[in-house]
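A.B. asks: What follows is a single structure, and I will ask about it in a moment.
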Amino acid sequence: PTTLRPSLPATPGPAAGWLGAEACISPSASSGRPGRPRMLYGNDTTHLEYVLSPYRKPGESFKPEMLLASIDETANTGVDVHLLQPGTGWVPWWKSKVYPADAHYAWWRDTFGLPLCGFAQYMIEGGDILGLFVTRCRARGLSPFVSLRLNDSHGLEFSDATPEALRRYHAEHPEFWWMTQLASRIHRDHPEYRFDPKSAARYHLTWNWAIPQVREHKLALVGELCERYAVDGLELDFMRFPRFFKPDEVPVAERKRLMTAFVTAVRARLDAGPGGSGRRLGVRIPAQLGDYDDLGLDLPALIGSGVDILNLSSFYYTNQQTDLARIRKLVGNAPEIYLEMTHCASHANTPGGAPVTGAIRRATREQLYTTARLAHAQGADGVSLYNFVYYRQDERRLPEAYGEPPFDAIAHLADPAFLDRQPQCYFRGTVQRWGLPSHALPRLAGPGRPLVYELDMATPPGGWRVPGRLRIQADSALSGRRWTARLNGKPLEPSASHDEPYPTPYARPTDGAATMTGWIVPAQQVISGANRLEVTLLEGKSVKLIYLDLAMPTAPLGGG
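See the structure below:
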């Protein structure tokens, strides 16, 4: 709405843009309703400013060629839907009349007297990231979807920053310079639209969706995107970030009413654009039903409003222990359900929130295969990939094990017959879910107090034939402690080996035997469905468990 649009300085007319991207806005570019996808692939775009790759060297800023390369590397891999996340969704990386990006970046440059990041420079020169994306997807045989973040807070901590503060940040964190330019003038000029107008913490600066003007502004941004671009579908991302209402101020029923009305309005705008009612509407929502009330999500109502795709997310993590089966039972055969997988299996922080050295445990090929197989067994139509390029090293060079993403594995994730033949690896990792209650891990193990976990597992054809191995990992060395474990009520024998069960390029030195212990798992002791695992510290000081895995191989594991 024009009442929300700040007074922005005039800018010259837009240039033609790289590859003439403006042409992508034509309705004639639409291919109509795409077929049911097998693999959804998310591209957050921002990795092009700080993740090292074959198409981005250290210190390089965004160039349009990088976006093209990030699309190209997914062609002919098994991906059929490429979802672009055009920034945070508050400063449009498309041709916008609601809040023009070129005017925003010109205001930012003139106000703060600081250099623009690559994204900003491209947009201020007349570029169109979304238009470029649509054109390239069409050329490479990929179905272009947009995944729009509804309440992303990246960069909002800079809303009230002074030029001096930004100069310091630029000097200390050049790889994240792009984030300082993502806070719109509306957020800066209207602190009353924030969760906590007086806070400087990014978490509290999120937009407050109880305020009508906030919802109206987001709908205006979504609406112009739907009506001007020939995308095959739109995903509304409720997970970046899952905080919309203050629980003590907005009752659950009202949250659901407001969110359902918003999604209904988006469906109408999507139907009004190129492709009409043939375009798909998806939602990226939590994989746990218990989170829905907080966000105002009423599944039957959302489906009734025209949602075609449920993309079940665990925020940042590959997570096998979800409510997918319950959600499938709740919604029936429609809509389509996809389980999201990412590069990250576990992410441990200290009690104060600081990252632990080597904190990210990257999901292995076997874990991806196992997660996909379990998802198919529980009724999913397929899987989706999020943050897949983050297998690669970011420019901060954190002490983690990096590697190239396993692009060659993608086609297999939609092939149940292939997945049936693969070694399995079930796991539970430490997750932080930013704004939603944590679950499972980390957990403090105290002497004599069993920790109980459920592991959903899916028996392969013919059953498991050889013993597996269970491992647990703590956040410190386990010397001086004695443990016991039971699976489905029966005790397990200790294992002599705590090594990685399968070869992986993503193992870290910190994953060694000092912080781990384990047990042998007889094949006949594992069942299809929910397996009950009990781990008890018998002797020694309390310690925090941060990760566990249970490998069920197709051939005997070494080490006993």
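Residue 899 is where the sequence shown ends in the numbering used here, and the numbering goes up by one at each step.
Cβ atoms here follow ideal geometry from the backbone N, Cα and C, with glycine treated the same way.
Would you mind reading off the limits of the beta strand (DSSP E) that contains residue 813?
C.D. replies: Element bounds for residue 813: 807-813.
A.B. asks: May I ask you to report which of helix, strand or coil DSSP gives residue 463?
C.D. replies: Note: residue 463 maps to helix in three-state DSSP.
A.B. asks: Go ahead and label residue 352 buried or exposed: buried means 16 or more other beta carbons lie within 10 angstroms of its beta carbon, across all protein chains shown.
C.D. replies: Residue placement at residue 352 is flagged as unreliable, the pLDDT there being 31, under the threshold of 50; the coordinate-derived value follows with that caveat. Exposed.
A.B. asks: Between the C-alpha atoms of residue 610 and residue 720, what's the straight-line distance to the nearest angstrom?
C.D. replies: Roughly 24 Å between the two C-alpha positions.
A.B. asks: Would you decide whether residue 367 is buried or exposed? Buried here means 16 or more other CB atoms lie within 10 Å of its CB.
C.D. replies: Reliability of the predicted coordinates at residue 367 is poor, the pLDDT of 31 falling under 50, and the value obtained from them is presented with this limitation in mind. Exposed.
A.B. asks: Quick check on DSSP: helix, strand or coil for residue 503?
C.D. replies: In the structure shown, residue 503 sits in a helix (DSSP, three-state: H, G or I).
A.B. asks: Suppose the cutoff is 8 Å on Cβ atoms and the five residues either side in sequence are ignored; what does the same chain contact list for residue 600 look like?
C.D. replies: If we look at residue 600 and ignore the five residues flanking it on each side, it has no Cβ neighbours.
A.B. asks: In the DSSP assignment, find the beta strand (DSSP E) that holds residue 519 and state where it starts and stops.
C.D. replies: It is not in any beta strand (DSSP E) - residue 519 carries neither H nor E in the DSSP assignment.
A.B. asks: The beta strand (DSSP E) with residue 869 in it runs from where to where?
C.D. replies: Where residue 869 is concerned, the enclosing beta strand (DSSP E) stretches over 868-878.
A.B. asks: Residue ranges of each alpha helix (DSSP H) run of no fewer than 4 residues wholly in the segment 725-802, ordered along the chain?
C.D. replies: Taking only runs of at least 4 residues, the alpha helix (DSSP H) segments lying wholly in the segment 725-802 are 755-759.
A.B. asks: For residue 889 versus residue 764, is the C-beta distance shorter than 9 Å?
C.D. replies: Yes, Cβ-Cβ distance for residue 889 and residue 764 is below 9 Å.
A.B. asks: Quick one: what's got a C-beta closer than 8 Å to residue 670's C-beta in the same chain, skipping five residues either side?
C.D. replies: Result list for residue 670: 638, 639, 642, 649, 676, in chain order.
A.B. asks: Please report the distance separating the alpha-carbon of residue 762 from that of residue 667.
C.D. replies: If I take the Cα positions, the gap works out to 26 Å.
A.B. asks: Would you give the residue range spanned by the alpha helix (DSSP H) that residue 497 belongs to?
C.D. replies: Residue 497 -> no alpha helix (DSSP H), and no H or E assigned at all.
A.B. asks: Could you pull out every residue in the same chain whose Cβ sits closer than 7 Å to the Cβ of residue 703, ignoring the five residues on either side in sequence?
C.D. replies: Hits under 7 Å: 764, 841, 843, 845.
A.B. asks: Quick check on residue 616: does DSSP put it in helix, strand or coil?
C.D. replies: Note: residue 616 maps to helix in three-state DSSP.
A.B. asks: I want to know whether the segment 511-528 touches the segment 376-391 - three or more CB-CB distances under 8 Å.
C.D. replies: The segment 511-528 is in contact with the segment 376-391.
A.B. asks: Among 780, 752, 572, which one has its Cα closest to the Cα of residue 710?
C.D. replies: Nearest C-alpha to residue 710: 752.
A.B. asks: Can you list, in chain order, the stretches of the alpha helix (DSSP H) that have 4 or more residues and sit fully within the segment 602-673?
C.D. replies: Correct list: 631-634, 638-643, 663-670.
A.B. asks: So, with DSSP's three-state summary, where would you put residue 399?
C.D. replies: Three-state DSSP puts residue 399 in coil, outside helix and strand.
A.B. asks: Would you kindly work out how many angstroms separate the C-alpha atoms of residue 450 and residue 443, rounded to a whole number?
C.D. replies: Each residue's Cα considered, the two are about 10 Å apart.
A.B. asks: Please list the terminal residues of the continuous beta strand (DSSP E) segment that includes residue 883.
C.D. replies: Here the beta strand (DSSP E) through residue 883 covers 882-891.
A.B. asks: With DSSP as the reference, label residue 716 as helix, strand or coil.
C.D. replies: In the structure shown, residue 716 sits in a helix (DSSP, three-state: H, G or I).
A.B. asks: First and last residue of the beta strand (DSSP E) that includes residue 576?
C.D. replies: Element bounds for residue 576: 572-576.
A.B. asks: Can you have a look at residue 812 and say buried or exposed, based on whether 16 or more other CB atoms are within 10 angstroms of its CB?
C.D. replies: Residue 812 comes out buried.
A.B. asks: What number of angstroms, rounded off, separates the C-alpha of residue 562 from the C-alpha of residue 743?
C.D. replies: Whole-angstrom Cα-Cα distance: 37 Å.
A.B. asks: Measure the alpha-carbon distance for residue 792 versus residue 831 and round it to whole angstroms.
C.D. replies: Cα to Cα, residue 792 sits roughly 15 Å from residue 831.
A.B. asks: Taking the alpha helix (DSSP H) that residue 443 belongs to, which residues open and close that run?
C.D. replies: Taken as a continuous stretch (DSSP letters only), the alpha helix (DSSP H) holding residue 443 covers 440-451.
A.B. asks: To the nearest angstrom, how far is it from the Cα of residue 437 to the Cα of residue 725?
C.D. replies: Approximately 28 Å, taken between the alpha carbons.
A.B. asks: Among 476, 481, 453, which has the Cα closest to the Cα of residue 321?
C.D. replies: Any question about residue 321 goes unanswered here, given that the chain covers just 340 to 899.
A.B. asks: Residues in the same chain with beta-carbon distance under 7 Å from residue 706, minus the five sequence neighbours each way, listed in chain order, please.
C.D. replies: Correct list, in chain order: 657, 684, 764, 766.
A.B. asks: For residue 627, count neighbouring C-beta atoms within 10 Å of its own C-beta (all shown protein chains included) and say buried if the count is 16 or more, exposed if not.
C.D. replies: Under this definition residue 627 is a buried residue.
A.B. asks: Return the residue from the list 651, 485, 490, 530 that minimises the CA-CA distance to residue 499.
C.D. replies: Closest option to residue 499, Cα to Cα, is 530.
A.B. asks: Name the two residues that bound the continuous beta strand (DSSP E) containing residue 823.
C.D. replies: 821-826 is the extent of the beta strand (DSSP E) around residue 823.
A.B. asks: Determine the closest residue to residue 400 out of 497, 412, 781, 384, with distance taken between C-alpha atoms.
C.D. replies: Selected option, being the one with the closest Cα: 384.
A.B. asks: Using only CA atoms, which one of 583, 447, 596, 806 lies nearest to residue 524?
C.D. replies: Of the listed residues, the one whose Cα sits closest to residue 524 is 447.
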